[in-house]
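Enquirer: Structure provided below as structure tokens; questions to follow.
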Amino acid sequence: MVAVMLAQLPGGTLAAGAAHRLLAILGDRARFESLRDGQFVAALGLDRTRGDEAIRAARGALFLSKTVPGARITVAIGRAVAGRKGLAGEALEGAASQLQTLQTPGIRCDLPARSLLDGHFVLEEDAKGARLLREDIADNEPRPLLGKTTPIVGRTREVESLLAVFDEVQRTKQPRAVVVMGPAGCGKSRIRKEVVRRLRAELPGIDLLLARGDPTLSYRGVSDVGRALRARMGIRDGQTPERQAMKLVRYVSMRSGFPETGVDFLGEFVGIAPLEDSQVLRSAREAPPIMAARIFHAIEALCRRDAEFAPQLLILEDFDKADANTVALVEWLLECKGLPLTVIALGRQAVDSRFPQLWEGRLVTRMVLGPLARAACVELVRAACPDLEEGTLQRLVDRAQGNPLFLEELVRHTGSGQASLPLSVQALIQTRVDGLGESQRQVLRAASVFGDVFWTEGLCALLDRDCEPELDGLVADEILVRHNATRVHGHSQWSFRHSLVRDTVYASLLEGDLARFHRRAAEWLVLAGAPDPAA
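Per the working numbering, the very first residue in the sequence shown carries number 6; after that it's consecutive.
Written as structure tokens, this is what we have:
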């Protein structure tokens, strides 16, 4: 599963400096190919996905659109291969189709890519895809489902818990944090949007800073919170140092009582060098612990000053990808007595492995999101499709298995008359699979050939090796399930925990591997005496 960016440039070529900057945005593993008529394509994720391929392709498209006036650019996701004759596959076909639709300069993306860009960019959606306008992580409007705004279902308790923590912080004037964890698509961002919507309705003046963990956006060592604060100040890449410094001073000058010595350290935090030499700053740079403490003191002073006028809320999206400086800053702020600051950090389960002793000893609440209840899933589908046939509704709910994002994408796909697994869902699942070791991925690919269930000995026959260590690891990773009973006497039986994972892995098999695996699986099933040897 890859993301492609297809560009039609008026001059047919890209200047060397712009090409170097584009490569930095897309990543050094992106593959570029020149096509006819002044077109070129970049493919991301050909060998292995990181999960942000569509986002990087969209950022590259925005860069090109700004750098090359008159450029027409498209972004699409799908299967693709790189052969001797170049790139081929549905991703490139989707991008080419969008380019035909785009008659004026600008950027378009196909519908599967549009789903992956939600919450990161501002888009104008239509029946064929969407027009990409700009990047904006602060967008708080939930995406309509088949043209309807659906209610938040099955997460009321979590929303109320977060609001209760916020109220407690305002009452006690002590900082607190909530860490919300769950797999991709489980509803973390939707919960965040509902909390923000309700707080803004009750407290229009609330001071919200939204930061997102994103290692690809590192700017001169600026942290996630530093980038968010930089954007709030109106500081943009490409502005002159004088203009950036002016915006920093203007932002601070609106806060009377902010310590003058803190301005340089605040500038250091957001990546702005002082226009005049600062002895204090130079000395601090020679001692990193002192520099960190001075920066944190400056941020604390800023928070205390702003808290005199408005409730303070810091939201950290994609916290599993957060940088160490952001984690250390929040730890500092959580120790600040009398600071009414609420921190909500949302991320995948990798938060535990990346930060095993996160903010230990501070006022921190952990919230782990499980699957949506079946009744909530039914309510969600009915809100979008009140007339959907009952059997179709139940099949959609069965396939999603409690994942609200997967369910919404399946509903959209069904609404467009398609029965296959949506590419947006495949892309999310593929990212998780690609994060596994190569031997585990081999086991999953072989297992997918058997269908809903498979057997240890069958896998060993397909791969000509022992598979038990990988199977145990995949159970621990909650991808596979081991059964107590078996349909093939004397052989241990397993299944995928989520059928969508099996479907995605199976779809990734190359034609040659598919035929070979099916032949071997059928032979093993016959020899093992399976009741239904079809494979």
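Using N, Cα and C, we set each Cβ at its ideal position, and we do this for glycine too.
If you drop the 5 nearest sequence neighbours on each side, which residues of the same chain put their C-beta closer than 7 Å to that of Lys178?
Expert: Gly343, Pro345
Enquirer: Just to confirm my understanding: we take Glu413, look at its own chain, exclude 5 residues before and 5 after, and list those with CB closer than 6 Å. What are they?
Expert: Leu150
Enquirer: Helix or strand or just coil, what does DSSP make of Asp141?
Expert: coil
Enquirer: Taking Leu19 and Arg36 to be in contact with their CB atoms under 8 Å, please state how far apart those CB atoms are, rounded to whole angstroms.
Expert: That belief does not hold up - the Cβ atoms of Leu19 and Arg36 are roughly 15 Å apart, past 8 Å.
Enquirer: Grab the span of the beta strand (DSSP E) containing Gly352 for me, first residue to last.
Expert: Looking at the DSSP string, the run of the beta strand (DSSP E) that includes Gly352 is 346-352.
Enquirer: Assuming Ala76 and Cys114 form a contact by the criterion Cβ under 8 Å, report the distance between their Cβ atoms to the nearest whole angstrom.
Expert: Rounded, the Cβ-Cβ distance is 15 Å, inconsistent with contact.
Enquirer: Grab the span of the beta strand (DSSP E) containing Ser500 for me, first residue to last.
Expert: 498-501
Enquirer: Touch check for the stretch 153-172 and the stretch 194-207: three-plus C-beta pairs under 8 Å?
Expert: yes
Enquirer: Assess, as a yes-or-no matter, whether the stretch 502-521 is touched by the stretch 446-459 under the definition of 3 or more beta carbon pairs within less than 8 Å.
Expert: Three or more Cβ pairs drawn from the stretch 446-459 and the stretch 502-521 lie within less than 8 Å of each other, which places the two stretches in contact.
Enquirer: Please report how far the alpha carbon of Thr54 lies from the alpha carbon of Phe314, in whole angstroms.
Expert: 45 Å
Enquirer: On a CA-only basis, which of Glu291, Asp482, Gln498, Cys390 is nearest Glu462? Give me that one, please.
Expert: When each option's Cα is compared against that of Glu462, the closest is Gln498.
Enquirer: Relative to the C-alpha of Ser120, which residue among Val430, Leu485, Thr221, Ile484 is closest?
Expert: With distances taken between Cα atoms, Ser120 lies closest to Val430.
Enquirer: Could you tell me the alpha carbon to alpha carbon distance between Leu433 and Gly99, rounded to whole angstroms?
Expert: 18 Å
Enquirer: Below 8 Å on the Cβ atoms is my guess for Arg507 versus Phe501; work out the distance and round it to an integer in Å.
Expert: 4 Å
Enquirer: Taking only runs that begin and end inside the stretch 319-379, name each unbroken alpha helix (DSSP H) of 4 or more residues, in chain order.
Expert: 329-339, 355-359
Enquirer: Considering only their Cβ atoms, is the gap separating Met10 from Leu31 smaller than 9 Å?
Expert: yes
Enquirer: What does the Cβ neighbour count give for His488, buried or exposed, with the cut at 16 atoms within 10 Å?
Expert: exposed
Enquirer: Work out the CA separation of Asp357 and Leu363 for me, nearest whole Å.
Expert: For Leu363 and Asp357, the gap between their C-alpha atoms comes out near 8 Å.
Enquirer: Any heavy atom of the ligand ATP within a distance shorter than 8 Å of the CB on Gly440?
Expert: What this structure holds is no ligand at all, so the ligand ATP is not there to describe.
Enquirer: Whose C-beta lies closer than 6 Å to the C-beta of Ala381 among residues of the same chain, with five residues either side of it excluded?
Expert: The residues Val158, Gly159, in chain order, have a CB closer than 6 Å to that of Ala381 in the same chain once the five nearest residues on each side in sequence are set aside.
Enquirer: Quick one: grab the DSSP three-state call for Lys90.
Expert: In this structure, Lys90 counts as coil in the three-state DSSP scheme.
Enquirer: Using a Cβ-Cβ cutoff of less than 7 Å, which residues in the same chain neighbour Pro147 once the five nearest sequence positions on both sides are dropped?
Expert: Thr154, Arg195, Lys198
Enquirer: Strictly by DSSP, which residues pair up with Gln13?
Expert: Gln44, Arg77
Enquirer: Would you list the residues sitting across from Lys193 in a DSSP beta bridge?
Expert: When DSSP reads this structure, Lys193 sits in no beta bridge, so it has no partner.
Enquirer: Using beta-carbon positions only, say whether Ile78 and Ala66 come within less than 9 Å of one another.
Expert: yes
Enquirer: Evaluate the contact criterion for the stretch 394-404 versus the stretch 359-375: three or more CB pairs, one atom per stretch, below 8 Å.
Expert: no
Enquirer: With which residues is Leu485 paired in a DSSP beta bridge?
Expert: Phe501
Enquirer: Assuming Glu281 is part of the alpha helix (DSSP H), what are its boundary residues?
Expert: From DSSP, Glu281 is part of no alpha helix (DSSP H); its letter is neither H nor E.
Enquirer: One question on the structure: do Ala333 and Ala306 come within less than 9 Å of each other, judged by their Cβ atoms?
Expert: Not in contact: Ala333 and Ala306 (Cβ atoms no closer than 9 Å).
Enquirer: Which two residues bound the contiguous alpha helix (DSSP H) that contains Ile304?
Expert: 293-312
Enquirer: Taking 9 Å as the threshold (C-beta atoms), are Ala350 and Leu321 in contact?
Expert: yes
Enquirer: Does the beta-carbon distance from Ser504 to Gln406 come in below 9 Å?
Expert: yes
Enquirer: To the nearest angstrom, how far is the alpha carbon of Gly22 from that of Leu122?
Expert: 27 Å
Enquirer: Find the nearest neighbour of Leu116 within the set Ala355, Thr266, Pro427, judged by alpha-carbon distance.
Expert: Pro427
Enquirer: Between Ile211 and the rest of its own chain, which residues show a CB-CB distance below 7 Å, the 5 nearest in sequence each way excluded?
Expert: Leu204, Arg205, Ala315, Pro316, Leu318
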